[in-house]
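Below: the structure, in structure tokens.
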Amino acid sequence: MKDKPRYILSGGGTGGHIFPAIAIADALRSLQHDAEILFVGAQGRMEMDKVPAAGYPIKGLWISGLQRKLSFSNLVFPLKVVTSLYQASAIIKEFKPDAVIGTGGYASGPLLRMAAIKKIPTLIHESNSFPGITNRLLAKKVDKVCVAFEGMERYFPKAKILITGNPVRKDILNLASKTAEAAEYFGLETGKRTLLVVGGSLGARTINESIMGSLDLIRDENIQLIWQTGKSFAEPAAFALKNLDYPAAKTYPFISRMDLAYAMADVVISRAGAISISELCLCGKPCILVPSPNVTEDHQTKNAMALESQNAAILLPDSNARHELGKLATELLKDELQKSTLSQNIKKLGFPEAALSIAKATNSMIDN
-9 MKDKPRYILS GGGTGGHIFP AIAIADALRS LQHDAEILFV GAQGRMEMDK
41 VPAAGYPIKG LWISGLQRKL SFSNLVFPLK VVTSLYQASA IIKEFKPDAV
91 IGTGGYASGP LLRMAAIKKI PTLIHESNSF PGITNRLLAK KVDKVCVAFE
141 GMERYFPKAK ILITGNPVRK DILNLASKTA EAAEYFGLET GKRTLLVVGG
191 SLGARTINES IMGSLDLIRD ENIQLIWQTG KSFAEPAAFA LKNLDYPAAK
241 TYPFISRMDL AYAMADVVIS RAGAISISEL CLCGKPCILV PSPNVTEDHQ
291 TKNAMALESQ NAAILLPDSN ARHELGKLAT ELLKDELQKS TLSQNIKKLG
341 FPEAALSIAK ATNSMIDN
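Right under this line is the structure:
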């Protein structure tokens, strides 16, 4: 490899695409500190803010997805595709990357397609057990496909697949040493059964309403509660806890120190997004997964099923959560054998060096 390698990364639209791409960029820099890295995203999407905040430059393409109903955006979609292909080609010509990496999102399509046409080494990363349409289309054109789950040869060419796991934040490793700090941070007691409820940064209405209906049970079972509600449910949750008058129950619109939340938790209730699952695997925490029904092709259910099939998590359908979630969680907290089994099995599925593995796979393409 030459002295100063150059990489373009593209991942956007959601945190599940953006943050893995940033983790891969960090890993590339850890291998070669003077590497030049450029991100390419979709204009107006969250990556245009999150990537610069992480310290990397980004350029935007005029691209978006197709809407499910007839709209003006759909009418101009073909023009957007052609324009974004032209923009991607110009960016590649100017930056001259040694390799191009895509983690999903609208901008990945045109960027990786043009890189493949120009015979530049290309790699995509798929975080879910059911791939998005962009990665399914790109798989035949790129050189390598990094995945987080077994059995992905159903969707991608087998010879290109490398199982790396999903890149996640490093601060969730070695949680055992953070228990005392976590108890102080949340104002809770160590050694007391603790339930962590998290539905993603925006919250999850079904999970929130299920916990709201189970607060009396949680108090009566003397369970400590750390509850991330998301912004929209923060006020009713805070009001409910005030009426409950149970200091061991804490509610937050957003938890910035998720490492401490995981360290404190004995059981976690979560949606089944790929990155959330990957964090739970690294933490080795027993979990109840309530997949969101409002995602493309129900991929969260498929993610959760991949864990349930290995007795690594409990899957509770969204439609059953309001009636069953509270009781299921309290029963699991008391079942030491089941907690131990789930913990051991989910930890086997973790990939603590996922970002580094993807970075090394990228460099191997350049070296070859």
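Sequence positions in the sequence shown follow the numbering used here and run -9 to 358. Ideal Cβ positions, reconstructed from N, Cα and C, are used throughout, including at glycine. The structure displayed is predicted, hence computed values, not measured ones.
Excluding the 5 residues flanking residue i on each side, which residues of the same chain have their C-beta closer than 7 angstroms to its C-beta?
i, result
"residue 247", "175"
"residue 108", "82"
"residue 361", "As shown, the chain starts at -9 and ends at 358. That puts residue 361 outside it, with no answer to give."
"residue 26", "-6 and -4"
"residue 378", "Because the chain is modelled from -9 through 358, residue 378 falls outside the range shown and cannot be assessed."
"residue 44", "12"
Verify whether the separation of the beta carbon atoms of residue i and residue j is less than 8 angstroms.
i, j, result
"residue 92", "residue 101", "yes"
"residue 348", "residue 303", "no"
"residue 222", "residue 312", "no"
"residue 13", "residue 152", "no"
"residue 21", "residue 85", "no"
"residue 17", "residue 46", "no"
"residue 30", "residue 78", "yes"
"residue 97", "residue 117", "no"
"residue 227", "residue 219", "yes"
"residue 297", "residue 267", "yes"
"residue 318", "residue 305", "no"
"residue 75", "residue 38", "no"
"residue 114", "residue 128", "yes"
"residue 258", "residue 232", "no"
"residue 242", "residue 209", "no"
"residue 281", "residue 255", "no"
"residue 289", "residue 67", "no"
According to DSSP, is residue i part of a helix, a strand, or is it coil?
i, result
"residue 331", "helix"
"residue 297", "helix"
"residue 207", "helix"
"residue 115", "strand"
"residue 175", "helix"
"residue -4", "strand"
"residue 359", "The question about residue 359 has no answer here: the residues shown for the chain are numbered -9 through 358."
"residue 77", "helix"
"residue 252", "helix"
"residue 258", "strand"
"residue 292", "helix"
"residue 245", "coil"
"residue 229", "helix"
"residue 86", "coil"
"residue 131", "coil"
"residue 1", "coil"
"residue 66", "coil"
"residue 168", "helix"
Is it buried or exposed for residue i, if we count other Cβ within 10 angstroms and need 16 for buried?
i, result
"residue 269", "buried"
"residue 110", "buried"
"residue 24", "exposed"
"residue 32", "buried"
"residue 144", "exposed"
"residue 309", "exposed"
"residue -1", "buried"
"residue 132", "buried"
"residue 353", "buried"
"residue 69", "exposed"
"residue 90", "buried"
"residue 293", "buried"
"residue 260", "buried"
"residue 165", "buried"
"residue 327", "exposed"
"residue 6", "buried"
"residue 130", "exposed"
"residue 134", "buried"
"residue 149", "exposed"
"residue 34", "exposed"
My guess is that residue i and residue j are in contact by the Cβ rule of under 8 angstroms, so how many angstroms apart are they, rounded?
i, j, result
"residue 88", "residue -5", "5 angstroms"
"residue 344", "residue 156", "6 angstroms"
"residue 215", "residue 185", "5 angstroms"
"residue 265", "residue 188", "The pair is not a contact, with the Cβ atoms about 12 angstroms apart (cut-off 8 angstroms)."
"residue 217", "residue 240", "7 angstroms"
"residue 320", "residue 207", "6 angstroms"
"residue 238", "residue 323", "13 angstroms between Cβ atoms; not a contact."
Going by beta carbon distance, what residues of the same chain come within less than 6 angstroms of residue i, once the five residues before and after it are set aside?
i, result
"residue 169", "180 and 253"
"residue 198", "219 and 223"
"residue 8", "1, 2, 37 and 40"
"residue 136", "115, 152, 154 and 348"
"residue 340", "271 and 272"
"residue 211", "320"
"residue 332", "276"
Beta-carbon within less than 8 angstroms of residue i's beta-carbon, same chain only, minus the 5 sequence neighbours each way: which residues are those?
i, result
"residue 250", "168, 171, 172, 175 and 176"
"residue 162", "248, 249, 252, 269, 272 and 273"
"residue 42", "48"
"residue 203", "312 and 316"
If you measure from the CB of residue i, is any heavy atom of the ligand PLP nearer than 7 angstroms?
i, result
"residue 295", "Judged by which ligands are present, the structure shown has none, so any question about the ligand PLP falls away."
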